[in-house]
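Take a look at the structure below.
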Amino acid sequence: MQEKPPASLHEVSRLIALATPERWMLGAAIVLLFTSSAVTMSVPFSMGRILDIVMESLGATTNQTTPASSFSSLGLPVLFTILIGIFSIGALANTGRVILIRIAGERIVTRLRNMLFSSIMKNDVAFFDRHRTGDLVSRLSSDTHIVGKTITNNVSDGLRSLAMSSVGVGMMVYMNVKLTLIMMGIVPPIAMAAIIYGKVLKRLSTQTQDAIAETTKVAEEKISNIRTVRAFAQEESEIRRYGVRVQTILDLAKKEAIASGLFFGGAGLSGNIVILALLYYGGGMVQSGAISIGELTSFFLYTAYVGSSLIGMSSFYSELMKGIGASSRLFEYLDAKPLIETKKGIIFNEVLGDIEFRNVQFSYPTRTDVPIFTNLSFSVPAGSNVAIVGRSGSGKSTVAQLLLKFYSPDNGAVYIDGVDMRTLDPMWLREQVVGVVSQEPTLFATTIRENIAYGNPKATYAEIRGAAAQANALEFIEEIGGFDTFVGERGASISGGQKQRIAIARALLKNPRLLVFDEATSALDSASENLVIDALEKLVQGRTTITIAHRLSTVAKADWVILIDDGKVAEQGTFYDLISRPKGLFRQLVEQQLGGLGESHDNSQRVKNERLASAV
């Protein structure tokens with residue numbers, strides 16, 4: 007399959023566009039670049055003339071009148087003083103160039119990272135289903151650095167090489183056309199080799215960045231789940247798995263090293279052959295008096311400068327290809343458009359809290375062939391407490407995903423106060439309307455205060471403290487050091503029940519109209535569960551509440567119970583009504599969970615029902 011050049015040209019234009027905000031700084035850097043390059047390129051000419059002056063003073067003569075006589079009248083001390091001044095200007099210009107390029111480069115990388123992070127954060131949840139965290143982190147850190155370096159340092163070095171090679175060739179033509187033509191014989195093979203090398207490097211760069219991203223994914227996943235790894239004594243197997251990923255990067259690096267060695271080795275051989283040719287013809291011209299020793303020396307120095315500049319331009323091209331390889335995935339992420347816009351839609355002044363699922367059909371975007379809901383319909387009156395139950399995998403938690411508008415139904419609709427959720431502003435919905443307390447609440451690696459305030463960043467300390475008190479969290483918070491205590495990564499330094507109560511405090515501070523408890527007590531011991539349930543009871547007052555649970559004992563206090571099975575509502579009613587149905591699915595689930603407590607030698611159905619209800 008052939009590569010498509012237009013894609014590379016498009017990516018180059020986008021790379022240039024990234025540098026546009028720094029055009030004045032980069033423009034100044036380019037002016038300084040040409041200044042320092044001009045000074046550098048005056049060195050060979052000056053060295054040749056100084057050599058001729060020295061040769062004249064020693065009495066060496068040639069058959070040609072050297073142009074050194076116009077300089078010899080100045081004297082070596084004056085000439086050296088002038089050159090030191092010129093070289094100082096060049097050094098200052100080069101210093102300024104490096105500073106400006108570095109600052110511009112860091113600004114571009116910073117802006118690119120902000121743009122990429124913003125694009126990632128504003129994308130829908132389906133985007134994160136398709137891309138793993140480690141891959142995104144790798145793009146944010148490694149790829150942005152490569153792209154920023156390509157735009158600034160690499161372009162600067164490329165322009166410097168272009169300027170020096172252009173001036174050098176011009177001076178060589180001015181000094182001797184024949185020798186220049188001999189020297190230019192090196193250009194076509196190096197140019198051809200550079201093009202081939204650049205294409206190889208672009209391909210290897212893309213593969214390397216993908217391999218680095220994959221390695222980052224593995225490391226991030228295993229480190230973040232170190233307790234599970236350790237619990238199953240899988241450290242050695244994970245080390246081996248990581249080693250395989252790192253070996254892939256090493257293998258690609260070896261291929262790049264071989265390609266670089268062949269290119270630079272070939273370029274060096276070509277340059278040495280040209281040097282020998284110049285020595286052969288140039289030496290003969292000195293002997294015949296066509297040129298002076300100083301001129302031949304200047305020519306050789308220009309040849310060395312031009313040769314290194316040509317190699318620099320080749321490196322510029324190859325590094326540009328490397329940057330394009332890294333940028334292609336960045337642009338893919340930057341161009342990704344969310345299916346659900348973050349800020350777009352209707353906003354209510356007042357939300358009552360009526361919820362209706364009407365003929366909802368849904369499957370996750372990454373598993374479109376696995377339907378979750380085939381025809382889900384139910385309603386939740388405002389202010390009521392409804393429990394959603396069902397077997398594992400029946401789609402209970404998906405109800406919460408749809409209520410948060412993380413996804414939209416494939417068919418049918420979800421309504422809040424009679425309005426299709428597709429038309430509602432997602433940001434407003436998540437910020438002010440719907441609150442969630444999940445089975446494993448996410449806490450950030452910061453203080454308890456900041457974790458609670460995440461529900462309402464504008465909340466005062468008094469409001470944060472009040473929310474913690476309502477959530478039965480104030481006592482343990484003060485015991486472990488107060489609200490400025492760090493909870494560790496993912497809340498690792500506190501217990502599951504404590505994390506739940508902080509999450510409840512966060513939800514209380516948010517003060518949502520609709521609440522979803524997604525398995526909120528299923529992972530807790532009985533003591534922690536009682537504290538959490540007490541906090542939840544305070545939280546649900548006056549709000550529409552949907553409780554999603556595996557442990558059926560947690561639904562006993564619900565106003566209404568909805569059982570989902572096979573993608574639709576299988577049963578619904580009050581808790582006691584459902585448990586009273588002898589052949590009902592809800593009753594079967596309760597009996598399975600409670601170990602057959604419904605079995606009895608007593609033929610009274612009422613007695614069996616009471617035993618089940620009391621067990622729950």
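Using my numbering, you'd call the opening residue of the sequence shown number 7 and step up by one each time. Ideal Cβ placement from N, Cα and C applies to all residues, glycine included. Values in this document were obtained by computation on a predicted structure and should not be read as measured data.
Is it the case that the region 370-388 contacts the region 145-162, given that we only count it when at least three CB pairs across the two stretches are under 8 angstroms?
Output reads no: the region 370-388 does not touch the region 145-162.
Return the Cβ separation of Ser-369 and Ile-378 in integer angstroms, given the expectation that the two are a contact with Cβ distance under 8 angstroms.
Right, the Cβ-Cβ distance comes to about 6 angstroms (below 8 angstroms), so this counts as a contact.
Taking its Cβ as the centre, do 16 or more other Cβ atoms sit within 10 Å of Phe-134, making it buried, or is it exposed?
Result: exposed.
Apart from the five residues on each side of it in sequence, which residues of its chain come closer than 6 angstroms, Cβ to Cβ, to Ser-385?
Hits under 6 angstroms: Glu-362.
Hey, Leu-515 and Ala-451 are a contact pair by Cβ (cut 8 angstroms); roughly how many whole angstroms apart?
The C-beta distance from Leu-515 to Ala-451 rounds to 20 angstroms, too long to meet the 8 angstroms contact threshold.
Could you give the DSSP three-state label for Gly-140: helix, strand or coil?
Here DSSP, grouped into helix, strand and coil, assigns Gly-140 to helix.
Looking at C-alpha atoms only, which residue of Glu-17, Ala-25, Leu-207, Asn-100 is the closest neighbour of Arg-117?
Ranking the options by Cα distance to Arg-117, first place goes to Ala-25.
Can you tell me which of Val-131, Val-546, Gln-598 puts its alpha carbon nearest to the alpha carbon of Lys-563?
Comparing Cα positions, the closest option is Val-546.
Looking at C-beta atoms only, is the number of pairs between the region 174-188 and the region 252-262 that lie closer than 8 angstroms three or more?
The region 174-188, when compared against the region 252-262, does not touch it at the 8 angstroms Cβ threshold.
Local Cβ density within 10 Å of Glu-325, reported as buried at 16 or more and exposed below that:
Glu-325 counts as buried, since at least 16 other C-beta atoms from the protein chains shown sit within 10 angstroms of its C-beta.
Which term fits Trp-566, buried or exposed, when burial requires 16 or more other beta carbons within 10 angstroms of its beta carbon?
Its Cβ being crowded by 16 or more others within 10 Å, Trp-566 is buried.
So, for Ala-217: in the same chain, excluding its five sequence neighbours on each side, which residues have a beta-carbon less than 8 angstroms away from its beta-carbon?
Contacts found: Arg-251, Thr-254, Ile-255, Leu-258.
Taking 7 angstroms as the threshold (C-beta atoms), are Ala-265 and Ile-317 in contact?
It is not a contact, given that the beta carbons lie outside the stated cut-off.
If I follow the unbroken alpha helix (DSSP H) through Asn-457, where does it start and stop?
Asn-457 -> alpha helix (DSSP H) spans 454-459.
Taking Val-153 and Leu-21 to be in contact with their CB atoms under 8 angstroms, please state how far apart those CB atoms are, rounded to whole angstroms.
The beta-carbon distance between Val-153 and Leu-21, rounded to whole angstroms, is 7 angstroms. This is short enough to meet the 8 angstroms contact definition.
Return the chain-ordered list of same chain residues with a C-beta closer than 8 angstroms to the C-beta of Arg-455, the five sequence neighbours on each side being excluded.
Once the five neighbours on either side are set aside, the close Cβ partners of Arg-455 are Tyr-467, Ile-470, Phe-489, Asp-490.
Determine the DSSP secondary structure at Leu-696, reduced to helix, strand or coil.
The question about residue 696 has no answer here: the residues shown for the chain are numbered 7 through 622.
Should Ser-333 be labelled buried (16 or more other beta-carbon atoms within 10 Å of its own) or exposed?
Its Cβ being crowded by 16 or more others within 10 Å, Ser-333 is buried.
Provide the residue(s) that pair with Lys-673 in DSSP beta bridges, ordered along the chain.
Lying outside 7 to 622, the shown extent of the chain, residue 673 is not represented and no answer is given.
Start-to-end residues for the alpha helix (DSSP H) that takes in Ile-299:
Element bounds for Ile-299: 299-341.
Any beta strand (DSSP E) of 3 or more consecutive residues that is wholly inside the region 373-404
Taking only runs of at least 3 residues, the beta strand (DSSP E) segments lying wholly in the region 373-404 are 379-386, 391-395.
On a CA-only basis, which of Pro-415, Leu-98, Asp-524 is nearest Leu-382? Give me that one, please.
Distances from the CA of Leu-382 to each of Pro-415, Leu-98, Asp-524 were compared; the closest alpha carbon is that of Pro-415.
CB Arg-507 to CB Ala-465, shorter than 7 angstroms?
In this structure, Arg-507 keeps its C-beta atom at 7 angstroms or more from the C-beta atom of Ala-465.
Could you tell me the boundaries of the alpha helix (DSSP H) in which Gly-503 lies?
Run containing Gly-503: 502-516, per the alpha helix (DSSP H) assignment.
Identify whether Ser-75 lies in helix, strand or coil by the three-state DSSP scheme.
With a pLDDT of only 48 at Ser-75, under the threshold of 50, the placement of this residue in the model should not be trusted; the figure read from the coordinates follows. Looking at Ser-75 - three-state DSSP - the assignment turns out to be helix.
Please say whether Ser-315 and Met-170 have beta carbons closer to each other than 7 angstroms?
A contact, by the Cβ cut-off of 7 angstroms.
Considering Cα atoms alone, identify which of Glu-244, Leu-584, Arg-166, Gln-599 is closest to Glu-226.
Of the listed residues, the one whose Cα sits closest to Glu-226 is Glu-244.
Skipping 5 residues on each side, what residues in its chain have a beta carbon closer than 7 angstroms to that of Asp-149?
Gln-215, Ala-332, Arg-335, Leu-336.
Could you name the residues that DSSP lists as bridge partners for Trp-566?
Trp-566 is bridged to Val-392.
Could you tell me the alpha carbon to alpha carbon distance between Ser-660 and Ile-483, rounded to whole angstroms?
Since the first and last residues shown for the chain are 7 and 622, residue 660 lies out of range.
Option nearest Leu-358 by Cα separation, candidates Asp-426, Ser-124, Phe-270, Gly-548:
Out of Asp-426, Ser-124, Phe-270, Gly-548, the CA that lies nearest to the CA of Leu-358 is found in Gly-548.
The alpha helix (DSSP H) enclosing Phe-270, as first and last residue numbers:
Its alpha helix (DSSP H) spans residues 241-294.
Which one or two residues does DSSP pair with Glu-362 in a beta bridge?
Note: Glu-362 is bridge-paired with Ser-385, Tyr-421 in the DSSP secondary-structure output.
Enclosing beta strand (DSSP E) for Val-440 [first to last residue]
The continuous beta strand (DSSP E) containing Val-440 extends over residues 440-444.
When you compare each of Thr-309, Val-493, Thr-551, Gly-503 to Pro-518 by their alpha carbons, which one comes out closest?
Checked all of Thr-309, Val-493, Thr-551, Gly-503; the closest Cα to Pro-518 is Thr-551.
Could you tell me whether the Cβ atoms of Asn-4 and Ala-474 are closer together than 7 angstroms?
Any property of residue 4 remains undetermined from this structure, which presents the chain solely from 7 to 622.
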